[in-house]
Amino acid sequence: MHPLIIVLSAAMLDIGANMAINRSVGFRDKGWGVLGILLVLCAFTLLSEAVSTGKIDLAVAYATWGAIGILGTAIGGLLLFGERLRPVGWLGMVVMAVAVALLTTA
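Numbering (our numbering), first residue to last: 84 to 189.
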């Protein structure tokens, strides 16, 4: 499997983990908290697998995974929990996406 697909899958798991951890309300709801931890472990396992292929550098894989996770978490927070970013926060998301795009072409 192409390492970028693995990184994207890891990022989706990370987003799911962040949503579950938010839903756990500070780990007071143990079920959501445990799910969040398990999803994070799976995400890191996939990220490690992508890097171990030797076809993607750690810096590119981690930056891509992190950026997608941050953007997805912001969108998930907005859609699922009504959390809002100020316009400067969304500008930061755009800058981050451009930075990752540049990094992947380097």
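Ideal placement from N, C-alpha and C gives every residue a C-beta, glycine not left out. Everything numeric in this text was worked out from a predicted model, so none of it was measured.
What residue range is occupied by the uninterrupted alpha helix (DSSP H) comprising residue i?
i	result
Ile-139	Neither: Ile-139 is in no alpha helix (DSSP H) and is coded neither H nor E.
Ser-252	Because the chain is modelled from 84 through 189, residue 252 falls outside the range shown and cannot be assessed.
Gly-175	170-188
Do the CB positions of residue i and residue j come within less than 8 angstroms of each other?
i	j	result
Ala-93	Ala-133	yes
Cys-125	Leu-96	yes
Leu-122	Val-90	no
Gly-119	Ser-135	no
Lys-138	Pro-170	no
Val-183	Ala-146	yes
Trp-115	Ala-100	no
To which residues of the same chain is residue i closer than 8 angstroms at the C-beta, ignoring the five residues directly before and after it?
i	result
Ile-98	Ile-151, Gly-152, Gly-155, Thr-156, Gly-159
Taking all protein chains shown into account, do 16 or more other C-beta atoms lie within 10 angstroms of the C-beta of residue i, making it buried, or fewer, making it exposed?
i	result
Ile-148	Per the sequence shown, residue 148 should be read as Trp rather than Ile. Classification of Trp-148: buried, given that the 10 Å Cβ count is 16 or more.
Ala-144	buried
Who are the near neighbours of residue i in its chain, counting only those whose CB is closer than 6 angstroms to its CB and skipping five residues on each side?
i	result
Leu-141	Val-134
Lys-113	none
Met-176	Leu-154
Thr-128	none
Ordered along the chain, which non-local residues of its own chain (more than five positions away) have a Cβ less than 7 angstroms from that of residue i?
i	result
Phe-164	Asn-105
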